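Novice: Let me begin by handing over the structure; questions about it come next.
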Amino acid sequence: MWRDARLVMGKDLRIEMRSRVSLNQVLPFALAVLVLFGLALGPNLHVLAAETAGLVWMAVLFSCVLGVQRSYSIESSDAARDGLRLSGLDPAGIFLGKAGALALQLFVLEIVLALVASVLYGTALSEALVLAVTCVVATLGLSAVGTLYGALALGVRVRETLLPLLFFPVVAPVLMGAMKAWQAGLAGTPGKAAGWLELLTVFAVAYGAIGTIAFGPLLEDG
Amino acid sequence: MTSYVLAGYGVVLASLAAYAISLVIRLRSSRQRLGSGLSSSDVDEGGSGS
Amino acid sequence: MTTTVVHELRATPVAKRPFGARALRVTGALSLVGIAATIWLGLWVTPPDAFMGNQVRLLYIHPPMAWVAFLAYGISFLSSLAYLWRRTRATAWDRLAGAAAEVGVVFTGLTLVTGSIWGRPTWGTWWTWDPLLTTTALLFVLYLGYLAIRHIPGTDETRGKRNAIAAVVAFIDVPVVYFSVYLWQSLHQTPSILNLTTRKTTIHGSMAWTLLLGFCSFTMAFFWLLVERYRLAGLEAREESFGLQAALEERRLEGRT
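Those sequence lines, one after another, are chains A, B and C. In this text, residue positions in the first sequence follow the numbering used here: the first is 996, and each later residue adds one. In this text, residue positions in the second sequence follow the numbering used here: the first is 1274, and each later residue adds one. In this text, residue positions in the third sequence follow the numbering used here: the first is 190, and each later residue adds one.
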């Protein structure tokens, strides 16, 4: 299973490095979201600085949806499910590989977003370790849910509209946890983040497990 | 104050009634379609028609 | 071969046996009586609350709405599990899960509306971000998504598995969401319905009975709605397969001429 996971993850990442879609489209989209949040919440830096955590993580959530769409569109476009199944790879491995690739891309994205947000919103990135750990744990959870729901909506014509609808309510806890942990970090009180990090870890482990187990049956035909 | 209470009760009753009625209507039309759709109409109702 | 399959389909009873039908009608009638009684008691017989005044009357229907929604989602979860376990796999479970979820969404919506209407005069706002209301709002959207998944075309087994997994994922998320929202807002002192009801130390006798009646009546109403919705799902499935058979027969006849 782990070998297959590494294979799939390597494949997905190599495709990304060659096509650079995440780099050229998802990242600019996320940056645009940050800018537009700035426009929506007024030029007053006080508000933006105070709400940086929430805004950044909303941008991450939006980007994750796009990332999932992309992750599945690189499989053969028709009968993607058949393609994955017939590849002979362990479905659990496929899940972990795709989720892992997505997570890595999102993690890089988050680093960039953090830096940009610190400029746009005038936030000082204190307690960077807490921020980074939050990113890792939260992103694992987001990727797990995203990859799972992406498979669920495979081959459906309404996938573009269905996936966000499915994804957002389920990852609400991740949004809350990551936002609160970041707030604690940015405010210089990293201790308060501990509980949230625990929540995020439980979420990531739980949904990682569910995805690993459920991926096989989902890909199965009939 | 009481108008809020009445509004609350009203919404609940109206919604549940509407949903129940819609179910009954859909059930009836579905049974009709199944009964008359093909040449013979021997769909067994089991004596439980609504 | 097609005609024998069609005859088989027609021979299977559409609805429950007569006993089940009567039980259903009795449930329906009882629930109507119960709801009417709850309304009468709630609006006229019971006294206004010392703290809340007449607003307390909404508390005879708001908690039952929430309870029914939770019951509905629980049934959806359990039938989905029954579907996923190979030994008990049957399309009926999938249909039950879908019916339960749909009725659950109706009651969730009503929970939100009654909660909001109750909160408005009490706190001056139509909405507060307290754990219960917020979780309910998320539940609403969550299960709307589940209902959307159910519309995805596919074979019975593909859809069954997909729906069941989606239902399990959704239900597992519920306690996680509630816990998160609770932590998330506990830093702020937003009033919550739970807080306010625990402040009520004395419950007048008739109030307690009315609330209990409310719970029972709406639960019965729920079961009536659930069974009817489930039967409707069964009929619609048969219509689909009949439509398929009819189309196949047509094509065969066309082939002959």
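Each residue gets a CB set at the ideal place from its N, CA and C atoms; glycine is no exception. For clarity, every value in this text was computed on a predicted model and none was experimentally measured.
Which same chain residues, not among the five before or five after residue 324 of chain C, have their C-beta less than 6 Å away from its C-beta?
Specialist: Only 366, 367 and 370 meet the Cβ criterion.
Novice: Determine, for residue 348 of chain C, whether the minimum Cβ-Cβ distance to residues of chain A falls below 7 Å.
Specialist: Residue 348 of chain C does not count as touching chain A.
Novice: How would you list, in chain order, the residues of chain B whose beta-carbon sits under 7 Å from the beta-carbon of residue 421 of chain C?
Specialist: Under the 7 Å cutoff, chain B gives 1296, 1299, 1300 and 1303.
Novice: Beta-carbon separation of residue 1157 of chain A and residue 355 of chain C under 7 Å?
Specialist: Cβ atoms of residue 1157 of chain A and residue 355 of chain C: not closer than 7 Å.
Novice: Tell me whether residue 1132 of chain A is buried or exposed, calling it buried when 16 or more other Cβ atoms sit within 10 Å of its Cβ.
Specialist: By the 10 Å Cβ count, residue 1132 of chain A comes out buried.
Novice: Please confirm if residue 395 of chain C has its CB atom under 7 Å from at least one CB of chain A.
Specialist: Chain A contact via Cβ: absent.
Novice: Using the C-alpha atoms, what's the distance from residue 405 of chain C back to residue 1282 of chain B?
Specialist: If I take the Cα positions, the gap works out to 17 Å.
Novice: Just to confirm my understanding: we take residue 298 of chain C, look at its own chain, exclude 5 residues before and 5 after, and list those with CB closer than 7 Å. What are they?
Specialist: Only 329 meet the Cβ criterion.
Novice: In the DSSP assignment, the alpha helix (DSSP H) including residue 374 of chain C goes from what residue to what residue?
Specialist: Residue 374 of chain C -> alpha helix (DSSP H) spans 345 to 374.
Novice: Where does residue 1007 of chain A sit, in a helix, a strand or coil, going by DSSP?
Specialist: In the structure shown, residue 1007 of chain A sits in a helix (DSSP, three-state: H, G or I).
Novice: Along the alpha helix (DSSP H) that carries residue 1193 of chain A, what are the first and last residues, could you check?
Specialist: Looking at the DSSP string, the run of the alpha helix (DSSP H) that includes residue 1193 of chain A is 1188 to 1214.
Novice: Quick one: does residue 302 of chain C have its CB under 7 Å from some CB of chain B?
Specialist: With 7 Å as the cut-off, residue 302 of chain C counts as an interface residue toward chain B.
Novice: Grouping DSSP H, G and I as helix and E and B as strand, with all else coil, what is residue 999 of chain A?
Specialist: Three-state result, residue 999 of chain A: helix.
Novice: DSSP three-state call for residue 1083 of chain A: helix, strand or coil?
Specialist: Coil.
Novice: Taking the straight line between their C-alpha atoms, what separation do you get for residue 1184 of chain A and residue 1048 of chain A?
Specialist: Approximately 14 Å, taken between the alpha carbons.
Novice: I believe residue 1124 of chain A touches residue 1098 of chain A by the beta-carbon criterion, under 8 Å. Please report the beta-carbon distance rounded to the nearest angstrom.
Specialist: That belief does not hold up - the Cβ atoms of residue 1124 of chain A and residue 1098 of chain A are roughly 19 Å apart, past 8 Å.
Novice: Could you check which residue in C:284, C:414, C:348 and C:295 has the C-alpha nearest to that of residue 423 of chain C?
Specialist: The shortest C-alpha separation from residue 423 of chain C is found at C:284.
Novice: Find the residues of chain C that neighbour residue 1287 of chain B, judging by a C-beta separation of less than 8 Å, and give them in chain order.
Specialist: By Cβ distance, chain C contributes nothing, its closest Cβ being about 10 Å from residue 1287 of chain B, past 8 Å.
Novice: Could you check if residue 1188 of chain A is buried or exposed, using at least 16 other CB atoms within 10 Å of its CB as the buried criterion?
Specialist: Per the 10 Å Cβ criterion, buried.
Novice: Beta carbon of residue 1010 of chain A, beta carbon of residue 1069 of chain A: below 7 Å?
Specialist: The answer is yes: Cβ separation under 7 Å.
Novice: What does the alpha-carbon distance come out to for the pair residue 273 of chain C and residue 231 of chain C?
Specialist: Rounded to whole angstroms, residue 273 of chain C to residue 231 of chain C spans 43 Å at the Cα level.
Novice: Could you please give the first and the last residue of the uninterrupted alpha helix (DSSP H) stretch that includes residue 1123 of chain A?
Specialist: Unbroken alpha helix (DSSP H) run through residue 1123 of chain A: 1123 to 1147.
Novice: Give me the DSSP bridge partner(s) of residue 209 of chain C.
Specialist: Beta-bridge pairing links residue 209 of chain C to no other residue.
Novice: Between residue 271 of chain C and residue 1110 of chain A, what straight-line distance do the alpha-carbon atoms span, to the nearest angstrom?
Specialist: The straight-line gap from Cα to Cα measures roughly 49 Å.
Novice: Among A:1116, A:1104 and A:1126, whose alpha-carbon lies nearest the alpha-carbon of residue 1186 of chain A?
Specialist: For the residues A:1116, A:1104 and A:1126, the minimum Cα distance to residue 1186 of chain A belongs to A:1126.
Novice: Please list, in chain order, the chain C residues whose beta carbon lies closer than 9 Å to that of residue 1006 of chain A.
Specialist: What residue 1006 of chain A touches in chain C: nothing, since even the nearest Cβ is about 25 Å away.
Novice: Could you check whether residue 222 of chain C and residue 1292 of chain B sit closer than 7 Å to each other, using their CB atoms as the reference points?
Specialist: Contact flag unset, no.
Novice: Can you tell me whether residue 382 of chain C is buried or exposed? The criterion is at least 16 other CB atoms within 10 Å of its CB, across all chains shown.
Specialist: Below a pLDDT of 50, predicted positions are generally treated as unreliable, and residue 382 of chain C, at 46, falls in that range; no measurement from the model is reported.
Novice: Residues of chain A with CB closer than 7 Å to the CB of residue 142 of chain C, please, in chain order.
Specialist: One cannot answer for residue 142 of chain C here, as it falls past the ends of chain C, which runs 190 to 446.
Novice: Mind listing the chain A neighbours of residue 327 of chain C? Cutoff is C-beta to C-beta under 8 Å, in chain order.
Specialist: Chain A residues near residue 327 of chain C: 1164 and 1167.
Novice: Out of curiosity, what's the CA-to-CA distance linking residue 1082 of chain A and residue 1137 of chain A?
Specialist: Approximately 25 Å, taken between the alpha carbons.
Novice: Just to confirm the assignment, what range does the alpha helix (DSSP H) spanning residue 1067 of chain A have?
Specialist: Here the alpha helix (DSSP H) through residue 1067 of chain A covers 1047 to 1068.
Novice: To which residues of the same chain is residue 200 of chain C closer than 7 Å at the C-beta, ignoring the five residues directly before and after it?
Specialist: Per-residue confidence for residue 200 of chain C stands at a pLDDT of 45, beneath the threshold of 50, marking its modelled position as unreliable; the derived number appears in the next sentence. Here the set comprises nothing.
Novice: Thinking C-alpha only, which one of A:1175, A:1178, A:1165 and A:1182 is nearest residue 1199 of chain A?
Specialist: Nearest of A:1175, A:1178, A:1165 and A:1182 to residue 1199 of chain A, Cα basis: A:1165.
Novice: What separation, rounded to the nearest whole angstrom, lies between the Cα atoms of residue 1201 of chain A and residue 256 of chain C?
Specialist: Distance between the alpha carbons of residue 1201 of chain A and residue 256 of chain C is about 26 Å.
Novice: With three or more beta-carbon pairs closer than 8 Å as the criterion, would you say the region 1283 to 1302 of chain B touches the region 1163 to 1182 of chain A?
Specialist: In short, these stretches do not touch, since the Cβ pair count stays below three.
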